[in-house]
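Accompanying notes for the structure given below.
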Amino acid sequence: MSLEINPSGFDVGAEVRGIDIAKPLSPEILMELEAAFVAHQVLLFRDQPLTPQAFAAFSAQFGHLQRHIQKAFWHPNVPEIVYNRNVDESGKFDEMAARRGVTDNLREGWHSDTTYDEVPAKATSVHAMEVPSHGGATCFASAHRAYDLLPDSVRRRVSGLRVEFALGSNPRNAQAQFLSQKLTQEDQSRPTVSHPVICRHPISHRPAIYASPLLSVRISGIDEAESDDLLETLYDYIHAASADGYRWDHHWRVGDTVIWENRGGLMHTGRLDYPRDERRIMIRCTIGSSPIEPYSA
Ligand SMILES: [Fe+2]
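Residue numbers (our numbering): 20 to 316.
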C-alpha cells in the first residue's frame, strides 16, 4: 500500500491512508507528511487504535513533546500525554474537563493552541479512545481565509500591531475564565504574552489572523475600546471564514488520530453537543515549538 492524501473538500483537512502509524515512519514518508501538513493544516489517520505509548511515539516524530500546562489531566504513565475527557476518575460527567477546548458557540471558541506561550507549539495531536454516539466534533477553519476576507481598511488598522494572550485571566471570554480554575495559582497569575495580530506561516509564508476569540485579551498599545472593537471585527472575519462549506467538522471514530497546525493559519474548537451521559475520551500530545512570525504586506 502506498501513501494516499485525500483532501477533505473543505478549506483545511486531509485523510492520510496507506501507512501504519503504530510503526516508525521512514524519513521519506515523514517528509511527505510534513508537506501535506503544510498544505492541508490538519491530517487524519483512521481505524488505527494506538496504545498511549505508541501514540506518543507517533507524535514525537513531528517534534519534541511538551508537557501540557494542565497537570491535572496528565496521563499517569506518559506525562507527555494529556487527557481530553468528559468524565472524572470515578466515571462521573466532569463539566470543567468536558469544556476544555470546546464551546457551545463556535464564534467564541476559535483558537490556536498554546498561544499563551512565548513560543507556541508547532502542532497538536489527538487520538480517540472513546467517542459519543453523535456530536462532539472538532471543527477546523482557515485563518488564512479569514485574513483574505479582511478589507484593506481593517488590514491597515491592524498592520504591525501585537495582541496579548492569557491563560488564566481573560476577562473577554467566560469560557477561558471557567477553564482557568483548574490551573495552579502560579499559572493563573502568569503574565500575558504578545504575538503579531497578523502572522505569516513559517513555511508557506501565507498571512493569517492570529488573534483568537478564546485566548486573546487585548491589542497592545491602543486604548481598550478600540482594542475591543478591532478584536470583534477580526472575529467577525474568522466567523465568516468558518461558514458551512469552508469549515471542516471532524466527526470522531474510535481509533482516529488527528494532528493539527498551531504555527498560524488554522483555528479550531470543539462542539459540546453530545449526550452528557456518553463518554468522550481522547489523549493528546503537544508537539514542537515555533515562534509566531509577523506578516507585513
Ligand atoms: Fe485547542
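By construction, the Cβ of each residue, glycine as well, lies at the ideal position given by its N, Cα and C atoms.
Report buried or exposed for residue i, applying the criterion of at least 16 other Cβ atoms within 10 angstroms of its Cβ.
{"i": "V61", "result": "buried"}
{"i": "D132", "result": "buried"}
{"i": "T70", "result": "exposed"}
{"i": "S239", "result": "exposed"}
{"i": "G307", "result": "buried"}
{"i": "M50", "result": "exposed"}
{"i": "A165", "result": "buried"}
{"i": "P95", "result": "exposed"}
Is residue i near residue j, with beta carbons less than 8 Å apart?
{"i": "A162", "j": "G283", "result": "yes"}
{"i": "T305", "j": "H87", "result": "yes"}
{"i": "Y293", "j": "G154", "result": "yes"}
{"i": "L44", "j": "D275", "result": "no"}
{"i": "A260", "j": "A160", "result": "yes"}
{"i": "N25", "j": "T143", "result": "no"}
{"i": "D113", "j": "L291", "result": "no"}
{"i": "C218", "j": "Y314", "result": "yes"}
{"i": "V101", "j": "L285", "result": "no"}
{"i": "T288", "j": "H146", "result": "no"}
I'd like the span of the beta strand (DSSP E) that includes residue i, first residue to last.
{"i": "I228", "result": "P226 to I228"}
{"i": "R104", "result": "I100 to R104"}
{"i": "G289", "result": "L285 to R290"}
{"i": "S235", "result": "S235 to I238"}
{"i": "F159", "result": "T157 to S161"}
{"i": "F64", "result": "V61 to F64"}
{"i": "A142", "result": "A142 to E149"}
Grab the span of the alpha helix (DSSP H) containing residue i for me, first residue to last.
{"i": "V173", "result": "D171 to V177"}
{"i": "L248", "result": "The question names Leu, but residue 248 is Asp in the sequence shown. Counting along the chain, the alpha helix (DSSP H) containing D248 begins and ends at E243 to A260."}
{"i": "F77", "result": "P71 to A79"}
{"i": "D268", "result": "D268 -> not in any alpha helix (DSSP H); beta strand (DSSP E) instead, spanning W267 to H269."}
{"i": "R126", "result": "L125 to G128"}
Item to check | Chain-ordered list of residues that sit, by beta carbon, closer than 6 Å to a heavy atom of ligand 1 | outcome: G120, H130, D132 and H287
Checklist entry - If we count Cβ pairs, one from each stretch, closer than 8 Å, do we get three or more for the region 78-87 versus the region 288-302? => result no
Checklist entry - Does the region 229-236 come close enough to the region 94-112 to have 3 or more Cβ pairs within less than 8 Å? => result no
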